[in-house]
Amino acid sequence: MSNLKVAFFDRDGTIIEDYPDHQWTYIKKPVILSDSIETLKSVKIKGYEIIIITNQYLLNEGFISMEQYKEITEMMLNELALHGIEVLDIFYCPHKRSEGCACIKPQIGMITEALKKYPDININKSFMVGDSVVDIELAINMKMKGFGIGVGSTYCNEDIYEIKHIKDLLAYL
Ligand SMILES: [Mg+2]
Ligand SMILES: [Zn+2]
Numbered sequence: 252m253s254n255l256k257v258a259f260f261d262r263d264g265t266i267i268e269d270y271p272d273h274q275w276t277y278i279k280k281p282v283i284l285s286d287s288i289e290t291l292k293s294v295k296i297k298g299y300e301i302i303i304i305t306n307q308y309l310l311n312e313g314f315i316s317m318e319q320y321k322e323i324t325e326m327m328l329n330e331l332a333l334h335g336i337e338v339l340d341i342f343y344c345p346h347k348r349s350e351g352c353a354c355i356k357p358q359i360g361m362i363t364e365a366l367k368k369y370p371d372i373n374i375n376k377s378f379m380v381g382d383s384v385v386d387i388e389l390a391i392n393m394k395m396k397g398f399g400i401g402v403g404s405t406y407c408n409e410d411i412y413e414i415k416h417i418k419d420l421l422a423y424l
């Protein structure tokens, strides 16, 4: 039985503050975006598990170190835990944009990894949310529901929604 509903969240620009690539080199700790805590909480209450799906080409392109990535991730998870929010898992793509890997969004590799690890995931009851076109394209490639935060209405259809703020997605669940 595929009964696990998952809210797949982008990380940078969705849960925590994003920066231009070159600026990430100097970032030591994550800044949690204000409405993300409330939204993640509500999503959990509505019965979804949370999985973070994040492109980190910053790693292989040399903007950040693996240690830095892990520290920022751990600090983010600790802060979410302080608010009672447990994240089921995080999948990240470390590859350069030029590497042509199968996991960089909008490729579906990270979702198929999640499906392998958690076979109970029901993709029809799950959704992807993010602040980039690649997040929406990933949802389209997976034929799942998708929410684009401020990415415009180009992609909108019965499964793809444009929202202004992260918490707006709650109205659709
Ligand atoms: Mg983002
Ligand atoms: Zn990759």
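Heads up: the sequence shown begins at 252 in this note's numbering, then just goes up one per residue. Idealized CB from N, CA, C, for every residue including glycine.
Measuring only from the beta carbon, is D269 closer than 7 Å to any heavy atom that is part of ligand 1? yes
For L309, name the three-state secondary structure that DSSP assigns. If DSSP states are grouped into helix, strand and coil, L309 belongs with the helices.
If we ignore side chains and look at the alpha-carbon of each, how far apart do I414 and I315 end up? 30 Å
K321 classed as buried or exposed, judged by whether at least 16 other C-beta atoms fall within 10 angstroms: exposed
Count Cβ pairs between the region 287 to 298 and the region 415 to 423 that sit closer than 8 Å; are there 3 or more? By the C-beta criterion, the region 287 to 298 is judged to be in contact with the region 415 to 423, since at least 3 inter-stretch pairs fall below 8 Å.
Whole-angstrom distance between H334 and I359, CA atom to CA atom: Cα to Cα, the separation comes out at about 30 Å.
Ignore the nearest five residues each way along the sequence and tell me which others in D286's own chain have a CB closer than 8 Å to its CB. For D286, where only same-chain residues beyond five positions count, the Cβ hits under 8 Å are H416, I417 and K418.
Looking at the strands, I want to know which residues DSSP matches up with F398. V380 and Y412
Evaluate contact between the region 339 to 350 and the region 374 to 393, counting only Cβ atoms and requiring at least three cross-stretch pairs below 8 Å. Under the three-pair Cβ rule at 8 Å, the region 339 to 350 does not count as touching the region 374 to 393.
Starting from Y406, follow the beta strand (DSSP E) in both directions and report where the run begins and ends. From DSSP, Y406 is part of no beta strand (DSSP E); its letter is neither H nor E.
Take the Cβ of I304 as the centre, count every other Cβ of all protein chains shown within 10 Å, and call the residue buried at 16 or more, exposed below. buried
Give me the Cβ distance between N392 and P357, rounded to the nearest whole Å; I'm assuming they're in contact under 8 Å. 6 Å
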